[in-house]
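Mapping of the sequence shown onto my numbering: position 76 corresponds to residue 180, and the numbering continues sequentially without gaps.
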Amino acid sequence: MSKIVVVGAGASGIIAALKASLNNEVILIDGNDKCGKKILVTGNGKCNYWNESINVNNYFTNDTKRLDCILENKNEVLDYLYSIGIYPKVKNGYYYPASNLAASIRKIFVNELTRCNVKTLYDSRVINIKKLDNKFIIETPKETLKADKVIIATGSKAFPKTGSDGFGYDAAKKLGHKINQVLPALVGLQTNDINIKEWAGVRSDASVSLYVDNQRLTEEFGEIQLTENGISGICTFNISGLISKALYNKKKVIVRINFVPAINNFADFFDKRNSELKNRTIEELLESILNYKLTSVILKKSNIKNNSYWNDLNRLEKEMLIRNIENFELNISETNSYDKAQVCTGGIPLNEVSNNMESIYCKDLYFVGELLDVDGKCGGFNLAFAFITGYIAGSSV
């Protein structure tokens with residue numbers, strides 16, 4: 105029987121500790137006063153913990169081949185979550201606990217840790233990890249522990265209120281690993297356009313296209329949330345990691361928003377609407393199509409008065425209006441900070457761990473979850489990756 109220390113009691117650390125406890129003495133350490141603190145705020149407290157579409161296409165990484173090998177364990181891990189009592193409700197491919205309470209999942213984990221005799225040390229922030237004579241020395245302000253194997257599951261720098269302070273990256277570097285630049289992901293975007301403040305609070309279905317140095321990289325569909333200094337929402341979050349990297353590398357980032365993605369050829373549609381609804385101003389014609397706050401911003405950007413009529417506009421004015429409805433352009437100046445980010449992009453490269461999550465540089469050392477350079481889209485992908493990697497490492501030790 106080996107002595108295993110798991111550092112970090114988030115999603116990946118808890119699963120790792122549970123699986124490792126089958127044949128080992130396990131100690132789970134966390135700087136918070138309880139486990140699963142970030143789980144409690146996931147999915148606005150409902151905990152979207154899985155998705156039907158767990159595959160490499162919904163993640164960003166530099167090593168899709170290694171990621172594909174890791175994700176092959178997904179069915180086994182999902183079955184395991186069910187086996188310990190997590191009963192799912194599936195909505196549009198998104199998995200939630202049927203109770204709609206993240207606290208339900210955390211409670212199951214707490215009970216399971218007790219049942220599996222995992223020793224928990226809370227309020228114990230690890231300050232150093234080193235290896236000496238084939239043993240790991242784990243230092244905390246209160247005590248120093250020795251272990252045969254260590255699983256580091258400390259999370260990224262995202263949402264630091266839950267205890268994610270980036271310690272795991274520092275520990276990995278000291279133990280021989282490279283860290284790809286860590287940046288905010290699944291986060292809102294900011295612009296230097298001062299003419300959009302009026303649209304704050306508006307939500308709209310939209311498509312968002314990303315251009316980096318004038319090259320179109322990708323497009324996302326979904327709900328967009330408009331803020332006084334930029335944009336947020338799921339389709340924005342899903343491209344934010346790419347934007348973080350582009351801005352870090354001093355590249356020009358532009359997003360183009362189609363506020364009417366369900367209407368093909370909006371110019372023809374608007375011509376027809378104008379002919380059917382007689383004597384309506386443009387503002388009146390856009391009523392029920394766009395939120396009135398959004399309409400006001402678009403008209404100002406197009407330099408068209410609210411009481412203007414479609415037939416009174418010249419060709420260039422019409423083209424400008426249609427472009428700002430179908431292809432509203434925003435120059436992105438920065439992303440929101442780590443405290444607003446759900447996850448990070450960057451971290452330990454996947455090619456520096458084996459398929460069982462063990463370090464290729466330091467035997468008996470494992471890395472799981474957000475520490476690795478893998479970030480998923482919204483929809484339970486990141487929590488699923490945490491569970492899968494924790495399960496693999498815990499089973500391996």
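For glycine and all other residues, C-beta sits at the position ideal for the given N, C-alpha and C.
Can you tell me which of the three DSSP states G451 falls into?
strand
Skipping 5 residues on each side, what residues in its chain have a beta carbon closer than 6 Å to that of Y470?
I255, M461, E462, A497
Near D443, which residues of its chain fall below 8 Å by C-beta distance, leaving aside the five closest residues on each side in sequence?
F263, P264, K265
Identify whether Y465 lies in helix, strand or coil by the three-state DSSP scheme.
coil
Around the Cβ of D227, are there at least 16 other Cβ atoms within 10 angstroms (buried) or fewer (exposed)?
Under this definition D227 is an exposed residue.
At the level of alpha carbons, what is the spacing between G484 and L420?
45 Å
Report back the beta-carbon spacing between S437 and T295 to the nearest angstrom; my notes put them in contact at under 8 Å.
The pair is a contact, with the Cβ atoms about 6 Å apart (cut-off 8 Å).
Classify P288 as buried or exposed, calling it buried when 16 or more other Cβ atoms lie within 10 Å of its own Cβ.
buried
Contact check, D297 vs N128 under 8 Å by CB: the rounded distance?
About 56 Å; that fails the 8 Å criterion.
Who are D309's beta bridge partners in DSSP?
Paired residues: E327.
Take I492 as the anchor and find which of A257, N238, I231, K253 has the nearest alpha-carbon.
A257
R360 by DSSP, collapsed to three states: which one?
strand
Compute the distance between the beta-carbons of A276 and L475, then report whether it is under 8 Å.
yes
In the DSSP assignment, the beta strand (DSSP E) including S336 goes from what residue to what residue?
Start and end: 334-336.
On a CA-only basis, which of V364, N161, S336, N155 is nearest A445? Give me that one, please.
S336
Across the segment 324-342 and the segment 300-308, are there enough close Cβ pairs to call them in contact, namely three or more that are closer than 8 Å?
yes
Just reading off the beta strand (DSSP E) that F240 is part of, what are its end residues?
239-243
Considering only the beta carbon of each residue, do S116 and V472 sit closer than 8 Å?
yes
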